[in-house]
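In what follows, a structure is listed as structure tokens, so that the remarks can point back to it.
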Amino acid sequence: GIQVEQSPPDLILQEGANSTLRCNFSDSVNNLQWFHQNPWGQLINLFYIPSGTKQNGRLSATTVATERYSLLYISSSQTTDSGVYFCAGSGAYKYIFGTGTRLKVLA
Amino acid sequence: DTGVSQNPRHKITKRGQNVTFRCDPISEHNRLYWYRQTLGQGPEFLTYFQNEAQLEKSRLLSDRFSAERPKGSFSTLEIQRTEQGDSAMYLCASSARQGISYNEQFFGPGTRLTVL
Numbered sequence: 034g035i036q037v038e039q040s041p042p043d044l045i046l047q048e049g050a051n052s053t054l055r056c057n058f059s060d061s062v063n064n065l066q067w068f069h070q071n072p073w074g075q076l077i078n079l080f081y082i083p084s085g086t087k088q089n090g091r092l093s094a095t096t097v098a099t100e101r102y103s104l105l106y107i108s109s110s111q112t113t114d115s116g117v118y119f120c121a122g123s124g125a126y127k128y129i130f131g132t133g134t135r136l137k138v139l140a
Numbered sequence: 215d216t217g218v219s220q221n222p223r224h225k226i227t228k229r230g231q232n233v234t235f236r237c238d239p240i241s242e243h244n245r246l247y248w249y250r251q252t253l254g255q256g257p258e259f260l261t262y263f264q265n266e267a268q269l270e271k272s273r274l275l276s277d278r279f280s281a282e283r284p285k286g287s288f289s290t291l292e293i294q295r296t297e298q299g300d301s302a303m304y305l306c307a308s309s310a311r312q313g314i315s316y317n318e319q320f321f322g323p324g325t326r327l328t329v330l
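Respectively, the protein sequence lines represent chains L and Z.
Under my numbering, think of the first position of the first sequence as 34, with each following residue one higher.
Under my numbering, think of the first position of the second sequence as 215, with each following residue one higher.
Below, the structure is given as structure tokens:
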């Protein structure tokens with residue numbers, strides 16, 4: 034089955050810094066999402082991005098489907114960006130999640 | 215438009231007891247999914263419904279677990295004879311009938327189960 038690798042596993046940033054999170058897939062996926070998990074465990078949808086580039090405020094994401102990877106960019110980070118970021122991919126409907134990137138933004 | 219809701223949010227039970235969780239998907243979403251997340255890991259797929267039909271069950275779903283989705287609306291996940299290893303966050307998600315992002319899944323807040 035599909036395997037998902039996320040890097041880096043942990044990231045500490047100063048407020049205002051930029052960062053790039055990466056997600057590699059072992060096989061092609063038809064669906065790909067990025068999530069932010071808040072301290073209460075809620076998974077917040079960031080992007081549904083099986084291919085191409087999308088932007089939403091300070092966040093943007095790019096998926097290169099032919100090379101089986103996706104990138105999440107966070108610009109001008111804020112303390113509220115802290116938490117765990119997951120990417121997940123699926124062939125049809127069953128999402129396989131990575132182990133996440135734990136981000137801590139310091140004031 | 216309300217999101218996916220789950221009840222209860224927290225459940226503490228003793229080993230050997232049965233527990234039942236409920237998930238209400240986003241209105242008109244015909245696909246519903248259950249996942250389980252343990253500490254430090256990403257969510258893992260448990261099972262999937264399209265309308266009222268349960269179409270796939272993971273090997274993680276032992277015979278102590280049962281899920282239903284009567285009438286294709288809300289779903290319940292029951293765990294019988296709970297074990298300490300069942301302690302986890304149980305997440306429910308739903309996705310739309312049609313549209314550009316047909317398979318975009320929206321998650322509920324989860325039910326955190328602690329088995330003593």
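In this text, a Cβ means the ideal position worked out from N, Cα and C, and glycines have one as well.
Query	Result
Helix, strand or coil for Z:Lys225? Go by DSSP, reduced to three states.	strand
Would a C-beta distance cut-off of 7 Å place L:Val117 and L:Gly131 closer than the cut-off?	no
Which same chain residues end up closer than 7 Å to Z:Glu297 when comparing Cβ atoms and leaving out the 5 residues on each side of it in sequence?	Arg229, Val329
Using 7 Å as the threshold, is the C-beta distance between Z:Ile320 and Z:Val218 below it?	The sequence given here places Phe at residue 320 of chain Z; Ile does not occur at that position. Yes, the Cβ-Cβ distance between Z:Phe320 and Z:Val218 is below 7 Å.
Please state whether the Cβ-Cβ distance between Z:Glu266 and Z:Arg283 is less than 7 Å.	yes
Drop a sphere of 10 angstroms on the beta-carbon of Z:Gly322, count the other beta-carbons inside from all chains shown, and report buried for 16 or more, exposed for fewer.	buried
Of all the CB atoms in chain L, is at least one closer than 7 Å to the CB of Z:Pro331?	Since the first residue shown for chain Z is 215 and the last is 330, residue 331 of chain Z is missing from the structure and cannot be characterised.
With DSSP as the reference, label L:Gly85 as helix, strand or coil.	strand
According to DSSP, is L:Thr112 helix, strand or coil?	helix
Would you say Z:Asn265 lies against chain L (beta-carbon separation less than 7 Å)?	no
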